[in-house]
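Student: Submitted below is the structure of interest, expressed as structure tokens.
As structure tokens, then:
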């Protein structure tokens, strides 16, 4: 078939599918992907390698990434850091743990686990915004938190896409190449940002003097595509290059008319990108491959919902409200498709996994559209599944923590610096332990040192334990300084509060370490379980991980709650 005719048929099919789904109150994005799936793999009407579709699809990727950079207002994130930061951090940690647990249970390679986590992390901000606007049921603060967390997710996923090759090299024991690639990406991004911030504002300032909107739009389009090509040429990914262009342009004041034209262009080429995703799907030869893809898609959606809902709950929201917000965050972003296409291009994932990314977007959009229609009723019913004693305890702990941070720590510059110091040390403990656990696991895969693997693993474990112990001691010192600063010499009761506060941070840190150790132990045990069969090994590994994690959380929960009750009573007496 002629390429131009195929391109025309693609647009007609997309319009028809979108119209049908829109009547059912479902986002048209699902229709575009389904249209590509029907005219490509199912009926074979259009050639997926058509040059028109390929070029338009790449422009769509560039403009999607460009707009995300354009709307990622760093000043906005700084102003609303209190509402956004903690939720985004907890969500990231939750998805990391859950994706790692699934990866360990199923014996997935590191790179596939990373791709699974990145796919689940990012919400489609545009669809979430449309759902919020259409229902008008959420408060302004909740809407702000949803959009802010979505922006942070976009930034994290953009960074993750550029580091997919590095993660793959780590999985193949090319650790030196990993750090080289990460360093190269960081340096390249920083240099590009610095140079672009010096040049592009002057260029657009000169062009805008003529008040010619068409030329400005052309320059913006050329900037997005050009930076995408530059990023691809330099090895930091096409989408990251376009994202950097958007970040740079966001610092320039441009007329609203120009930006509205860019949005129209983005919508047009994004449609072709979604069609191309459907076209690129492999032929569906059996129901087993479809079932496999749908299973992965459901896992991605559940990962997203559980992680964000837990994050909103632990950030001080009532459980019912956190679940309602979780409904709006279910739609998986178009960046899940880009992440999967990058993994598919490098050969890290198979065709069924790639198909799952499209199913995840389609199913998540449909599910979210239906849930938000009666979100309060569904949220209240879901909240009843959590026992009241746990729900009330978690909400009390979360609200007390948020009140302490917002009311005491974050109001003063010194408090912010101390909090950053504590956070950086906890992050260092997590990173050191995680990398150590990965190295210990990967040592088993080197045949040359098989005879000495246990000795080398013991040496690595000892070094990691010593470094971690030093960091925990430094963490205790930082916690001590923060507690002394917050109490400001409030009498003899201050020593009691100081002890409770320090022990509280220690327990939470050790809990995180326990999770990492449990995941590492599960990896080793799974090799023993494999003698019973792959399916049995998966079930036993999954059960081992979550049973031990639940036990650890159960014992830590009771101690944390007692400490907070003691802390609250002492502060009230003061």
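Numbering (the working numbering), first residue to last: 5 to 578. Cβ atoms here follow ideal geometry from the backbone N, Cα and C, with glycine treated the same way.
1. For the alpha helix (DSSP H) holding residue 379, just list the boundary residues, first then last.
2. Check this for me: beta carbons of residue 364 and residue 336, under 7 Å apart or not?
3. Just to confirm the assignment: which complete alpha helix (DSSP H) runs, minimum length 4, are found wholly within the region 53 to 114?
4. Are three or more beta carbon pairs between the region 143 to 150 and the region 378 to 386 nearer than 8 Å?
5. Check whether the region 341 to 349 touches the region 247 to 264, taking contact to mean three or more Cβ pairs, one atom from each stretch, closer than 8 Å.
6. Below 8 Å CB to CB, which residues in the same chain sit around residue 375 once its five sequence neighbours on both sides are set aside?
7. Suppose contacts are defined by Cβ-Cβ distances below 7 Å. Is residue 4 in contact with residue 45 by that definition?
8. For residue 463, is the classification buried or exposed, using 16 other Cβ atoms within 10 angstroms of its Cβ as the cut-off for buried?
9. Could you give the uninterrupted runs of the alpha helix (DSSP H) lying entirely in the region 217 to 295, keeping only those of 4 residues or more?
10. Where does the unbroken alpha helix (DSSP H) through residue 356 begin, and where does it stop?
11. Measure the beta-carbon distance from residue 279 to residue 69 and round it to whole angstroms, keeping in mind my assumption that it falls under 8 Å.
12. Nearest by alpha-carbon distance to residue 370: which of 117, 275, 91 and 135 is it?
13. Identify, in the order they occur along the chain, each residue of the same chain with its Cβ nearer than 8 Å to the Cβ of residue 436, setting aside the five sequence neighbours on each side.
14. Would you kindly work out how many angstroms separate the C-alpha atoms of residue 155 and residue 100, rounded to a whole number?
15. What is the DSSP secondary structure of residue 549, counted as helix, strand or coil?
16. To the nearest angstrom, report how far apart residue 7 and residue 157 are at their CA atoms.
17. Could you please give the first and the last residue of the uninterrupted alpha helix (DSSP H) stretch that includes residue 1?
18. How would you label residue 232, buried or exposed, when you count the other beta carbons within 10 angstroms and need 16 or more for buried?
19. Are residue 302 and residue 360 close, meaning C-beta to C-beta below 7 Å?
20. Just to confirm my understanding: we take residue 327, look at its own chain, exclude 5 residues before and 5 after, and list those with CB closer than 7 Å. What are they?
21. Let me check one thing: in DSSP terms, what residues is residue 127 bridge-paired to?
22. In whole angstroms, give me the CA-to-CA distance for residue 177 and residue 150.
23. So, for residue 261: in the same chain, excluding its five sequence neighbours on each side, which residues have a beta-carbon less than 8 Å away from its beta-carbon?
24. Could you tell me which of 420, 338, 323 and 483 sits nearest to residue 379, measuring between CA atoms?
25. Okay, do the region 12 to 26 and the region 36 to 56 touch, 3+ Cβ pairs below 8 Å being the bar?
26. When burial is assigned at 16 or more other CB atoms within 10 Å of the CB, is residue 210 buried or exposed?
27. Just to confirm before moving on: does the CB-CB distance between residue 343 and residue 555 stay below 7 Å?
28. Nearest by alpha-carbon distance to residue 297: which of 317, 362 and 259 is it?
29. If we ignore side chains and look at the alpha-carbon of each, how far apart do residue 22 and residue 29 end up?
30. So, at 7 Å on beta carbons, what are the nonlocal neighbours of residue 341 in its own chain, with the 5 sequence-adjacent residues on each side left out?
31. Can you tell me the Cβ-Cβ gap for residue 60 and residue 273, rounded? I've got them flagged as a contact below 8 Å.
32. According to DSSP, is residue 141 part of a helix, a strand, or is it coil?
33. So residue 57 and residue 276 are in contact, right, with Cβ under 8 Å, and what is the actual spacing, rounded?
34. Measuring only the C-alpha atoms, how far is residue 24 from residue 138?
35. Run through DSSP, which three-state label would residue 11 get?
Tutor: According to the structure data:
1. 379 to 387
2. yes
3. 55 to 75, 78 to 83 and 85 to 110
4. no
5. no
6. 331, 334 and 382
7. The first residue shown for the chain is 5 and the last is 578, placing residue 4 beyond what the model contains.
8. exposed
9. 217 to 237, 242 to 253 and 260 to 283
10. 355 to 375
11. Going by Cβ atoms, the distance from residue 279 to residue 69 rounds to 18 Å, so no, they are not a contact pair.
12. 135
13. 468, 471, 472 and 475
14. 18 Å
15. helix
16. 37 Å
17. No answer is possible for residue 1: the residues shown for the chain start at 5 and end at 578.
18. buried
19. no
20. 313, 383, 386 and 387
21. 336
22. Model confidence at residue 177 stands at a pLDDT of 45, short of 50, so the residue's coordinates are unreliable and nothing is read from them.
23. 217
24. 323
25. yes
26. exposed
27. no
28. 362
29. 10 Å
30. 281, 361, 362 and 365
31. 6 Å
32. coil
33. 6 Å
34. 19 Å
35. helix
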